[in-house]
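Heads up: the structure comes next, in C-alpha cells.
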Amino acid sequence: MKKLIIAGREFESRLFLGTGKFMSNELMEQSIVASGTEMVTVAMKRIELGDQEDDMLKHIVHPNIQLLPNTSGVRNAEEAIFAAQMAREAFGTNWLKLEIHPDPRYLLPDSVETLKATEELAKMGFIVLPYCQADPTLCKHLEEAGAAAVMPLGAPIGTNKGLQTRDFLRIIIEQATVPVVVDAGIGAPSHAAEAMEMGADACLVNTAIAVAGNPVEMAIAFKEAVIAGRRAFEAGLGAVSNSFEAEASSPLTAFLS
Amino acid sequence: MFSEELEKISWEETSEAILSKTEADVQRALGKEHCDVDDFMALISPAAAPFLEPMARLSKKYTEERFGKTISLFIPLYLTNSCTNSCVYCGFHVSNPMKRTILTFEEMENEYKAIKKLGPFENLLLVTGENPAKAGVDYIAKALDIAKPYFSNLKIEVMPLKAEEYKALTEHGLNGVICFQETYHKANYNIYHPRGMKADFEWRVNGFDRMGQAGVHSIGMGVLIGLEKEWRTDLTMLAYHLRYLQKHYWRTKYSVNFPRMCPSENGGFQPNVVMTDKELAQLTFAMRIFDHDVDISFSTREPAYIRDNMAGLGVTTMSAGSKTDPGGYYSYPQQLEQFHVTDERAAADVEAALRKMGVEPVWKDWDASFDLIGK
C-alpha cells in the first residue's frame, strides 16, 4: 500500500485518532496504541498548557505519533490564530488541526472563518489541516489558501451516521491536489472502509472508538477497516451491476450499421 | 506544468494496457458511475466494441442529465491563413505557395455582418495561423473588440500565448481558447511539426496551464485523428490531461475535440490511420461516460449523417455553415481552405436537421454583460 504523505511527512497508518470522550486516559492510550495510528489530535482546551506533567498529554505523547493540536472551542479566525500560536509554543509543533465552530450545538465548521484563518496560518508557517464542510468549492479554496490537507465531514460530529455527504466527498476526492481526510460522523468500521474505498487518503475517528463497549477492540477494528478499504481502492474495485444491460426497443446505434 | 506529468506516463505501456483490456474491464467501467482514466482506456479499447449499444444508452443518459436535449452551435471565422509553421498535414503550412490573406479590420467587420445573416450565431470562434509579427496579440485584441457588438461569446483558436497575453485578451472580451495538441506523442509531434514556433512541444502542451493560470473561462483541447496510428493512446493522454487541468484550474469549463482527418485528394498528407464511424461513436460514448460534464465538439469535418445522429448521444457542441478560408463568408469566398468541410449544409439546414432529431439548437448561452461584472 502507498504511504500517506502530508506536508512531506510519511505515514504508514491512514487512521487518525481524536482523543476526547474516553472513559480514562489509560484506556485512551491503549486504544491509540492498538489502532496503530501515527497522528493524534488533542484539543488545546483540554490540556494544562505549560504543564509538562499534564496527565492527558503524558498518555498521548509517543515517538511515532505526530501530535495534531486542534483549536476546538474557538469561534472565529482571530481566536483560532491566537490559539494556534499558543499551541505552537506549548507543543513545539507547527502542525495544526484548524477547527472553528461558532455553533455550540452541532459543532459545524464555519466556512468563512476557516478559510480566512487557513490563509493567515499558512503564511505564518503552520501546517494547517482544516476541518470543514464537505463542500468541494470550499476545499479548493482551502487548498489555494495553503492547507496541507482538507478534512471534510462525513456527518455532524459525534452522530456516528457515516458518510451522509458521500456525493460531495467523492467530488472533493476527485478534485483535490492535497490529501483528503474524512473527519466526523464515521461511526463504524464499515463507514471508514467506505471512505477509503472511495479514495479518501485517511479517516479521523474519535467518538466511535471512545464510546464503544470495548474501545481497544474497536480501535483494532477501525485499523483493519482502514487498511482493507485502502487496499481495495488501490486494487481497483470490481463491477457493479448497472441498468445499462436493459435493451432499448430501437437501437440508438442502428445508423452505424 | 503538464509536460512533467506527461513524462511520467509511458506511451508504450499505455498502448499495451489498452490492448490488453478485457470484457470484464469494460463491464466494470460501465458499472461505475464515475470512471477514471483506466476505465476510459477499457471503454475505448477493442474489447468494448461489442458494447456499442449499451455505451450509447449510457452516454445518452449522462448527456441528457447534464446538457438536456440541446446542441450548442458556433461558427468559425478564419482571420488569416498567414503562418510561419510547417505542419506537414496543414494546407496553410509556410512552404505552400498560396496567396496569403490577413483580413483588414474593415474586412473583419464585413465578415461578422455576413455571419449574422447566416443564422442567429452568438458563439464565434476566431482562427489564425501563427504569425505573431503580422497577426499577433494586438491584432487578435482588435478583432475581438470589433466582434464584441455582434457576438456574446468569443473564442479564439490561435498560437499558444503567454499567460499575461491570455489575460490581456480577456479584457477585450475573450471567453474561451481552443488549442489542439494535435498529438501527445512527442517524438512524432516533432516530425509533424518540424519548423516554426509550433515545433516546441512543451510550449504547446503547457499552454493549457498558462490558459488556466490566466483564468480563461473555457478551454478547448484536441487530438487530430489521423496523425497517430495508436489514436487510443493519444486519447488516453488527452484524458489524463483533462483530469489534470480540471484538478488544477477548477474554475474553467473544458471541451474536447477529436476530428478525423480526411484523406487528401491532391497528393497532400495522407492520414496514418482512418478511424471508422463505429470507432468514432465508441470514442464519443467513452468520453461522455468518462466525463459527464465535458463539452464534446464535432466540426464540419464530420459528415452530416454522423453529426445529426450523434447529437444527443454525447456530442454537445457543433460548428455549422463553416468556411475554413480567411474571409470566406464575404470578402474572399473562393480561397483555398485549410481543410475540406464535409458537412457543407447551411446553418439553417443544420438547425432544421437537429430539430428533426429531437435536439434543440442553442445559439446563445452567454451574455457579454457578464464579462463586465467586477471590471
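Sequences listed follow chains A and B, in order.
Just so we're aligned, residue 1 is where the first sequence starts under the numbering used here, counting upward by one.
Just so we're aligned, residue 1 is where the second sequence starts under the numbering used here, counting upward by one.
Built from N, CA and C at the ideal position, the CB exists for glycine as well.
*Leu-118/B Cβ short of 7 Å to the ligand HEM heavy atom set*: Absent from the structure shown: the ligand HEM. Ligands present: none.
*asked:* Please identify the residue among Met-198/A, Ala-188/A, Ile-81/A whose C-alpha is closest to the C-alpha of Gly-236/A.
replied: Met-198/A
*Cutoff 8 Å: Thr-177/A Cβ touching any chain B Cβ*: yes
*Between which two residues does the beta strand (DSSP E) containing Arg-308/A stretch?*
With chain A represented from 1 up to 257, any question about residue 308/A goes unanswered, as that position is not in the structure.
*Return the residue from the list Ala-320/B, Gln-27/B, Ala-42/B that minimises the CA-CA distance to Gly-238/A.*
Gln-27/B
_Among the candidates Lys-117/B, Leu-30/B, Met-55/B, Gly-31/B, whose CA atom is the shortest distance from the CA of Thr-253/A?_
Met-55/B
*asked:* If you measure between the beta carbons of Glu-29/A and Phe-11/A, is that distance less than 8 Å?
replied: no
*Find the nearest neighbour of Cys-179/B within the set Leu-283/B, Gly-220/B, Ser-86/B, Arg-66/B, judged by alpha-carbon distance.*
Gly-220/B
*Answer with yes or no whether the minimum CB distance from Gly-238/A to chain D is below 8 Å.*
In the structure shown, chain D cannot be found, because the protein chains are A and B.
*Measure the beta-carbon distance from Tyr-330/B to Ala-114/B and round it to whole angstroms, keeping in mind my assumption that it falls under 8 Å.*
4 Å
_Residues near Leu-17/A in its chain [Cβ-Cβ closer than 8 Å; skip 5 each side]_ = Ser-31, Ile-32, Ser-35, Thr-37, Met-39, Val-40, Thr-41, Leu-204, Val-205, Asn-206, Ile-209, Ala-219
*asked:* Tell me which residues share the same chain as Gln-282/B and place their Cβ nearer than 7 Å to its Cβ, disregarding the 5 neighbours each side in the sequence.
replied: Ile-44, Ala-48, Ala-49, Leu-52, Met-55
*Could you tell me the distance, in whole angstroms, from the CA atom of Lys-116/B to the CA atom of Asn-257/B?*
Rounded to the nearest angstrom, the two C-alpha atoms are 25 Å apart.
_Where Ile-178/B falls: helix, strand or coil (DSSP)_ = The answer is strand: DSSP assigns Ile-178/B an E or B state.
*Residues that Lys-140/A contacts on chain B, provided the C-beta gap is smaller than 7 Å*: Within 7 Å Cβ-Cβ: Trp-250.
*Going by C-alpha distance, which of Ile-102/B, Pro-46/B, Val-88/B is nearest Gly-327/B?*
Ile-102/B
*Run down chain A in chain order and give the residues with a C-beta less than 7 Å from the C-beta of Asn-309/B.*
Near Asn-309/B (Cβ distances below 7 Å), the residues of chain A are Phe-255.
_Euclidean distance between Cα positions of Trp-366/B and Asn-153/B_ = C-alpha separation (whole angstroms): 6 Å.
*Would Ile-272/A be called buried (16 or more neighbouring beta carbons within 10 Å of its own) or exposed?*
Residue 272/A lies beyond the residue range present for chain A, which begins at 1 and ends at 257; the question has no answer from this structure.
*Rounded to whole angstroms, how far is the Cβ of Ile-127/A from the Cβ of Ala-221/A, which I believe are closer than 8 Å?*
Not really, about 29 Å apart at Cβ, beyond 8 Å.
*Mind checking who Cys-132/A pairs with in its DSSP beta bridge?*
Partner(s): Pro-152/A.
*From Gln-175/A, Thr-159/A, Ile-186/A, residue whose alpha carbon lies closest to that of Pro-136/A*: Gln-175/A
_Residues of the segment 160-175 of chain A whose Cβ lies closer than 8 Å to any Cβ of chain B, in chain order_ = Arg-170, Glu-174, Gln-175
*Measure from the alpha carbon of Met-196/A to the alpha carbon of each residue in Gly-154/A, Gly-158/A, Val-211/A, then state which is nearest.*
The residue with the shortest Cα to Cα distance from Met-196/A is Gly-154/A.
*Check the Cβ of His-34/B against every Cβ in chain A and list those closer than 8 Å, keeping chain order.*
Arg-170, Glu-174
*Segment contact flag, the segment 74-83 of chain B with the segment 55-65 of chain B, C-beta cutoff 8 Å, min 3 pairs*: no
*Have a look at the DSSP bridge pairing and note the partners of Val-315/B.*
Ala-311/B
*asked:* Let me confirm a value: Asn-131/B is counted as buried when at least 16 other C-beta atoms fall within 10 Å, else exposed. Which label applies?
replied: buried
*In this structure, what does DSSP give as the bridge partners for Lys-360/B?*
The sequence given here has Glu at residue 360/B, not Lys. Beta-bridge pairing links Glu-360/B to Thr-70/B.
*Is the Cβ-Cβ distance between Lys-162/B and Arg-210/B less than 8 Å?*
yes
*List, in order along the chain, the chain B residues whose C-beta lies closer than 7 Å to that of Pro-251/A?*
One finds Glu-53 in chain B with Cβ atoms closer than 7 Å to the Cβ of Pro-251/A, taken in chain order.
*Quick one: what does DSSP say Ser-95/B is sitting in, helix, strand or coil?*
coil
*Grab the span of the beta strand (DSSP E) containing Pro-69/A for me, first residue to last.*
66-70
*Please work out which residues of its chain come closer than 8 Å, Cβ to Cβ, to Leu-129/A, disregarding the five sequence neighbours upstream and downstream, and give them in chain order.*
Ile-6, Leu-68, Trp-95, Leu-96, Lys-97, Leu-98, Ala-147, Ala-148, Ala-149, Val-150, Met-151, Val-181
*In chain A, what lies closer than 8 Å to Ala-378/B by C-beta?*
Here chain B has residues from 1 to 375 only, and residue 378/B is not among them.
*Return yes when the Cβ of Lys-198/B is within less than 8 Å of the Cβ of Asn-110/B, no when it is not.*
no
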